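This report refers to the structure that appears directly beneath it.
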Amino acid sequence: METNLALLLLLSPFVGFLFNVFFGKKVSRTVSGAIGTLTVIVSFLLSICFFAQLNQNGKPFEISLFDWISVHNFKLDFGILLDQLSLLWLLFVTGIGSLIHLYSISYMHDDENMHKFFAYLNLFVFFMITLVVGNNLLVMFIGWEGVGLCSYLLIGFWYKNQDYNDAAKKAFIMNRVGDLGFLIGMFVIAALFSTLNYTELKTAIGHGGANAVMLGLAALCLFIGATGKSAQLPLYTWLPDAMAGPTPVSALIHAATMVTAGIFMVTRMNFLFDLTPEIQNIIAVVGALTALIAASIGLLQNDIKKVLAYSTVSQLGLMFLALGFGAYNVAVFHVITHAFFKACLFLGSGSVIHGLHGEQDMRNMGGLRKAMPITFWTMMISTLAIAGIFPFAGFWSKDEILMVAFEHNKVLYVIASIASIMTAFYMFRLMYLTFFREFRGTEEQKHHLHESPSLITIPLIVLAILAVIGGAINLPGSAWLNHFLEPILAAKHEEHALGTHEFMLMGIALAGAIVGILWANAKYIKQGFVPKADAEITGFNKTIYNKYYVDELYTFLIVNPINGLANFFRTTLEPALGKVVYSLGTAANGLATQGKKLQNGNIGLYLFAFVIGVCAIITYLFITHIAQ
Amino acid sequence: MSPILITFYFLAAITLATAFLTIYSKNPIHSAIYLVLCFFSIAGHYLLFNAQFLAIVHIIVYSGAIMVLFLFTIMLMNLNKEDEVHKPRITRLGAIVVFILTSIVLVTIFINSKTIMGDYDTSGEDFQSIKKLGNVLLNEYMVPFEFASILLLVAMIGVVLLSKKEKTEKK
Amino acid sequence: MDVTTILLLLLMGSIATFLAGDKLASKVALLFSLGALGLSLYLLNSLNQGANISFTGSWIDYPKVALAFKADGLAMAMVLLTTALTPLIILSSLGNPFNNSKNFYALVLFMSFAMTGTFLAADGLLYYIFWELALIPIYFIALIWGNGDAEDRKKAVLKFFIYTLGGSLFMLIAFAYLYSKAGSFLLEDLYKLDLSATEECWIFLAFFLAYAIKIPIIPFHTWQAKVYQKAPTVGTMLLSGIMLKMGLYSVIRWQLPIAPHAAKEYMPILIGLSIAGVIYGSIVALRQKDLKKLLAYSSLAHVGLIAAGCYTLTQDGLSGAVAQMIAHGFVIVGLFFAAEIIYRRYETRTIADMGGIRSLTPKFTSMFMILVLASVALPGTYNFVGEFTVLYSLSQANIWYAVLGGTTIILGAYYMLKMFQNVMLGETNAKAFADVTTTEAITLVAIIAFLLFFGLYPKPITDLVAPSIKEILTIINN
Amino acid sequence: MNNILNEIGIENYIFLSVLLFCIGVFGVLYRRNAIIVFMSIEIMLNAVNLLFVAFSTYHQDAEGQVFVFFSMAVAAAEVAVGLAILVSVFRNLGSIDIDNLKNLKG
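Protein chains in written order, with this note's numbering: chain A, 420 to 1047; chain B, 5 to 175; chain C, 109 to 586; chain D, 936 to 1041.
Shown next as C-alpha cells:
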C-alpha cells in the first residue's frame, strides 16, 4: 500500500505530463491546466499523508523499486527514501508547485502552447520529486539532470526568440559544468565506499578510515555540482538570464525549488561535509561572496525580474554560508521561508507584468499601488519578509544565519550583514519604483491597468500569509524544525538560547534592514529619483549595472578560446591531418612517377638492366655459395 | 701438343674471331657472312666430338636455313649499306664494361668451381650415333619431339600471318 | 539451430532482394531484415536457456581455416544491434526514391550480413574476410547513391576505402604471424598463444592501426566526416550505427585478449588518445556548418569515450563500452534520420539555412529533442547508463581521465543544443515543413522507445554481456 | 674409342662457351640494328649448344645432344617469328633501330 502511494506520489505529475503531451492539444486550455494542477495537488496531498505518518512513528520509509545500473563493486537500485528531509522538501515543492500551477492557468491562458507549458511544468515537478525522494545519489542525479532539462525547456519556452534560447542553453550548459562535478564526486564516493545509497553511506562514512584527501575531493566535487544548480560563484550567471522564461517558471524553478537542490544535496550529504572542514570553509566563503556580489548587482538593475533573480542568488549565497558553518537546519529553514516569499514576489511581479502586458522595465512602471492593491499588499509583505523585518518569516531565518556567521567568522558576518542591508535597499527600491508615485508608462498601458484575476491573486495571498507566519516553524525557543531534522543530521547543533547577545544581533540585523529601507525611501520617494536610461549610466554604476562584466569575462576567457580552438581545429588542423593521410598517397604517386621514368621504352636500357641484374644475381649466389 | 688440341685451338680462334666480327662489322651482310663462318666452326667442334648427326643438322639448320632467312631479311630491308648510326659513346662504353664484367664474373665462377682434371670416363658404348639418337628421340623424348614439330608448324603459320600485309588496318 | 541461420537468411535476403526487382526490393529487404531480427531474438532466447548456438565446421584444410562462429552474449548483443538497426535503417530509407533500388537494398542486406559475420566469426581469417567484406557494399552505397559533387564524393569514398583497407592489411599481417605461431586461426588457439613482449607489441600495434582507423580514434579519423557527409543517409547510418562498432567490438574480442600485456603497457597512451578524441571531436563539432558533419564529429567524440572504456581493461569499462556502443548505435541512427527528415523537406544540410522548424512540426521536434538529449546522455536514456559506467571505470583508473572524458557532457550539451537551437528554434521559417509521416514516426519512436526502456532497465543487456566480458577479462588477466 | 676430352679438357670448352656467350651479350648491348641483335642471340644459343654437346660427351650420354636438337628447333622457330616481326616493324616504322622502338614506354 505504502509502496503504491509512494509511486503515486512520484508518478502523478508524470501522468499529468503524459496527458498534456498526448492529449493537451485536443482538450481546452483550462482542462489541460486543471489536470496539470490536479496531478501536482495529488502529490501534495500524499506528501502530507506521508508527513503525518512520519510525524507519528518517526520511521523513514524506504523501498527499492528495481535494479538499475550495476558496476563491478556495487549495484545501484532505483529506490525511494521518504525521510524527514525529503518530506520537508516534498511538502514545499508540491505545495508551492500546486499554487504556481494554479496561478499559471490564468497567467498562461493566452498562450497557444499552454498545454506544453503545463507538460513541462509537470515534468519538472516529477523530476524534482525524483531528485528529492531518491534513496541514492544516482537517482538524485536523474532528478538533478531532469530538472535542468525542464529548466532548459521552460526558459526557452518562447522559442521563437533566439535570446531566450541562448539563455536556456546557457543555463543548461552551466548546470552541466556543475553536473560533471557531481558525477566526479559520485565516482570518488563510489570508489571509496562501494555504494551511493544514503543510509549505507552514512554508516560507511561513520566508520571512518577513509582517505581524508579523497573525501575532501568528493565533497569539493559535489559542491561544484551544487554551485551549478544553486547558482553560486562562479557559475551563477545563468540564473539572471533564466528570467527569460515565463514568470511562473521563474517563481517555481528559479526561486523556490530547483535552485535549492544544491542545498538539499549538501544537507543530504551533511555527514560527508562535516568531515571536511576545509571544504566547508570554501562553501562558507563562496556563499558569502555570492551573497555580496549578487546583492550589489541587484542594487542597480532595472528589470523587475532581474532584481528578483539577483536577490535569489544573494539569498542562496546566504544559505550556503550557513551550510558552510555546518548549520544545515538553519539553511533549510531559510530555504523554506525563502521559497514562500520569493515565490510570492515572483508571482507578484508576474501579476504586474501581466497587468502591463509584458512590460518588465521598472522605469516604465510606478504608481501601481492603487490599480493593483492585492498584488501590492502581498508583495509588500514578502518584501518586508525578505528584508528581514520583524516578525515576518525572513527575519527569523536570516537572523539565524547571521547569528551562526557571527559565531564562526566575524568577517563573513560583516559581509553577510552588508548583503542583507543591500537586500533591504534594492527590494524597497523595487517596491517604490513599481508601486509608488505616478505611472510612467504609456497612456495606452495606463488605460488598461487592472488587478489580476482571482486565480492569480489567490496564490499570492496564500504565499503572503505563509511569508508572514512561515517563521513559526523554527522560532527560537520552540525550534520545531531543528528537532524534526535531528535524525538526518549527523552532528548535533546547540540551541540558541535567547540571551542578550542574540537579542543584540537581532537588533543589529533589524536596524540594518531599516537603514536599507530608509536609504531607498530617501532616494526614490523623497527625491523621486528614477533610474537613468542605459546609455547615461556611467562610472562604477555602469560596471555594476553590467554585472561586473562577468558574462563578458566568461565569454572572453572560456567561450571565445573554445570557439577559437574550434575554428582552428576546423579550418587548420583538420585539413592538415587530412593532408598527412593524403601525403601517403602523394608519396606513392611520386614514387610511381619516378618509377615511370625507368620504363622509358628504351630497349637498350632494359637489356643493360637485364644483363647487369643477371650478373648481380649470379654473383650473389656465387658469393653465398662460397661463404658456405 | 696433339693435333687434336691444335685443331681445337684453331677452331676456337675462328669461332671467337668470327663471332666478334659478326658484331663488329658495320655492314649487316658482312655480319651475316661472318656468322656463317662462326656456325661452320661450331659444326667443326661438333665433329671434333664425333657428333656427326648434330654437326650435319647444325649446318643444315643454322647455316642453311637460319642464315638464309637472315640474308633474305637484310636484303628485303635493303640494309646492306653501312648507314647505321652508332649508339652514343657512353652506351658503347657501357656495353664494353658490361662485356668485361660478364666475362669476368662467369670466368671467375668457372675457375673457382671444382675443375675436372685428369682422366675422363670412356664407356666405349655408342651414345651419339644417328641410330642411338633416333632411338632416344623417338622413345623417351617422343612427346617433346612431336611438340617441337607443332612448334615449328605454329611458327610457320605465325610468320605467314605476321608478314602478310595488313590491309584491314590500313583502311 | 545455430547462428549460421542468421547469416544465411541475410545472404539469401540480399540475393532475393536483388532478384525481386526495383519495385519490390525495399519490401523484400525489410521482410528479410525483420526475419533476421526475429531469428536473432529467437536464438537469443535459446542462448539464455543455455542452448549452444555456436557453430564450428571445417572449411579450408591448408591453411587451416575453420568455419567457426562463436555466439556468446557479447556477440549476440552486437548481432542484435545489427539485426535491430537494419530494419530501422531500411524503414528509414523508404521515403527516398533510389535508382536501381534492387541493387541498393541488396547491398544494404549484404552489408548487414558481412557485419553480422564479423561479430560472430571465431576464426581469424574468417573474421578478416567478413571484416573486409563489409567494406565493399558501403563503398558502392556511398559512391553510387551518395550526394554532393560526384568528383568530391569519389575522392572522399576512395580515401575511406583505401585508408581502412590499408589499416586492415596490417591486421592481416598480424594474423599471418599469429598463424605461423599457433598453426590455426581459431580464436581459442590464438587466446592460448604465449607471445613474447616484443611480439605482443607488434601484434597489438598492427591490430590497433586497423581498429583505430575503423573506429576512428584520432588522428586516424580524417576519412570520417567527409564520408558521412557524402554518403546517402542510409550509408551513414550503417557506418556510424554498426560499422564503427565492428572496430570497437574487435578491440574487445581480438585485440585485448590476444595481446593483453601490450594493452596494459600502452594503456595510458591509448586512453589518452581516446579521450583526446572525445575533446577534439566535441570542439570541432562546435563549429560545423553542415548537420551531418556535426553529427559525424559528435560520433567521433562518443566513440572516443567508448574506446577509452575498452582500454581500461576493467569489467566496468568493457560493459560500459558495450552499453554505450549499443546506445550510440541507436541514437546516432536516429539523429542521422532526423537530419534526413529535414533534408527531405528543405533539401539542405546547412544548419544556417534551417530554423524555426519547431513551430511547424511539434511531433518531430519532440522526437528530435529526445534524441538530442539521449545523445548528451541525460539520465533515463540508455546512453547515460553507458556513459556513466565508462566514466566510472575511467575514474577508477585515474580521476583525471574521468574529468577530461567528462567534458563530453559539457561540450556535448553545448554543440548539440546549439545545433538544436539553430535548426529547430527561432522565428518560423517561411518554408513549409510537413510533420513526420507514419514510417518516419515508427522508426523514430522505435529508437526512442528502445533508448528510454533500457535507460531505465538496462539489466537484460548487462546480464547478457557480463559473462562474456568476465571470460575475456580472465584471459586478459592471465 | 678414346674420349676426346682427354686431349682437350672440358674446361677449355667451358671457357670457349663463356667467351662466346659474352660476345653474344656484348653484341646485344652494343648494336642498335635489330638483325645484328638477333644474330648475337644466335651466338649465345650456340654457345650453350656447344656446352651441351661437350657435357654430353663428358657424361657419355645422348641426352645433351637431344637437348641441342630441341634447342635448334626452338631457335629456328624463334628466328622465323622474330624476323617476321622485324619485317613487319620495318614495314610500319621504316627502321629496325631498336632505340626507335619505344612503343612500350609507359
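Backbone N, C-alpha and C fix where the C-beta goes; we use that ideal spot for every residue, glycine too. Keep in mind the model is a prediction, meaning the values are calculated, not measured.
Query, Result
"If we define contact as Cβ-Cβ less than 8 Å, is Thr125 (chain C) a contact residue for chain A?", "no"
"Which residues in the same chain as Thr113 (chain C) place their Cβ atom closer than 8 Å to its Cβ, once the five residues preceding and following it in sequence are excluded?", "Leu147, Leu151"
"Looking only at C-alpha atoms, which of A:Glu421, A:Met684, A:Gly745, A:Asp582 sits nearest to Thr695 (chain A)?", "A:Gly745"
"Please list the partners that Lys136 (chain B) has in chain D, where partner means a Cβ-to-Cβ separation under 9 Å.", "Ala997"
"Applying the 10 Å Cβ sphere with the 16-neighbour rule, what's the burial state of Leu1003 (chain A)?", "exposed"
"Throw me the rounded Cβ distance for the Leu431 (chain C) and Ile569 (chain C) pair, which I believe falls under 8 Å.", "This sequence places Ala at residue 431 (chain C); Leu is not what is there. Contact flag correct, Cβ pair sits at about 6 Å."
"On a CA-only basis, which of A:Ala631, A:Ser839, A:Glu905 is nearest Leu930 (chain A)? Give me that one, please.", "For clarity, residue 930 (chain A) is Ala in the given sequence; the question names Leu instead. Of the listed residues, the one whose Cα sits closest to Ala930 (chain A) is A:Ser839."
"For the stretch 951 to 974 of chain D, which residues have a CB atom closer than 7 Å to at least one CB atom of chain A, in sequence order?", "Val960, Val963, Leu964"
"Can you check whether the C-beta of Gly162 (chain B) is within less than 8 Å of a C-beta belonging to chain D?", "yes"
"Cutting at 6 Å between CB atoms, please list the residues of its own chain near Gly374 (chain A), excluding the five before and the five after it.", "Since the first and last residues shown for chain A are 420 and 1047, residue 374 (chain A) lies out of range."
"Counting only beta-carbon atoms, is Pro487 (chain C) nearer than 8 Å to chain A?", "yes"
"Could you pull the start and end residues of the alpha helix (DSSP H) that Val441 (chain C) belongs to?", "423 to 454"
"Suppose you measure from the CA of Ala804 (chain A) to the CA of Leu502 (chain C); what does that come to, to the nearest Å?", "49 Å"
"Applying the criterion that 16 or more other CB atoms from any shown protein chain within 10 Å of the CB defines a buried residue, is Arg457 (chain C) buried or exposed?", "buried"
"May I have the straight-line CA-CA distance separating Phe844 (chain A) from Met533 (chain A), to the nearest angstrom?", "36 Å"
"Tell me the residue span of the beta strand (DSSP E) that contains Asp486 (chain A).", "480 to 490"
"Less than 8 Å between the CB atoms is what I'm expecting for Ile515 (chain A) and Ala675 (chain A), so what's the real figure, rounded?", "5 Å"
"Report the residues of the stretch 1019 to 1044 of chain A with a CB closer than 7 Å to any CB of chain B, ordered along the chain.", "Gly1023, Phe1027, Val1030, Ile1031, Cys1034, Ile1037, Thr1038, Phe1041"
"Start and end of the alpha helix (DSSP H) containing Leu634 (chain A)?", "631 to 648"
"Specify the secondary structure class of Lys494 (chain A) as computed by DSSP and reduced to three states.", "strand"
"For chain A, is any of its Cβ atoms less than 8 Å away from the one on Asp424 (chain C)?", "yes"
"What residues from chain A crowd round Tyr271 (chain C), counting only those whose CB sits closer than 7 Å?", "Val1000"
"How long is the line joining the alpha carbons of Glu296 (chain C) and Asp231 (chain C), rounded to whole angstroms?", "9 Å"
"First and last residue of the beta strand (DSSP E) that includes Ala371 (chain C)?", "Careful: Ala371 (chain C) lies outside any beta strand (DSSP E), inside the alpha helix (DSSP H) at 368 to 394."
"Assuming Trp167 (chain C) is part of the beta strand (DSSP E), what are its boundary residues?", "163 to 168"
"Name, in chain order, the residues that DSSP records as bridge partners for Ala229 (chain C).", "C:Phe177"
"So the candidates are A:Leu908, A:Leu641, A:Ala941; which of them puts its Cα closest to the Cα of Arg848 (chain A)?", "A:Ala941"
"So is Gly48 (chain B) in contact with chain A if we call contact Cβ pairs under 8 Å?", "no"
"Quick one: Cα of Leu506 (chain A) to Cα of Ile592 (chain A), how far?", "30 Å"
"For Gly767 (chain A), which three-state DSSP category applies?", "helix"
"For Pro7 (chain B), report the span of its alpha helix (DSSP H) as first-last.", "7 to 28"
"Less than 8 Å between C-beta atoms, sequence neighbours within five positions excluded: which residues of the same chain meet that for Asp302 (chain C)?", "none"
"Give a yes or no on whether 8 Å exceeds the smallest Cβ distance from Leu986 (chain D) to chain B.", "no"
"How many angstroms separate the CA atom of Phe14 (chain B) from the CA atom of Leu955 (chain D)?", "15 Å"
"In the stretch 1014 to 1031 of chain D, which residues sit with their C-beta less than 8 Å from some C-beta in chain A, listed in chain order?", "none"
"Please report how far the alpha carbon of Met979 (chain D) lies from the alpha carbon of Ala176 (chain C), in whole angstroms.", "58 Å"
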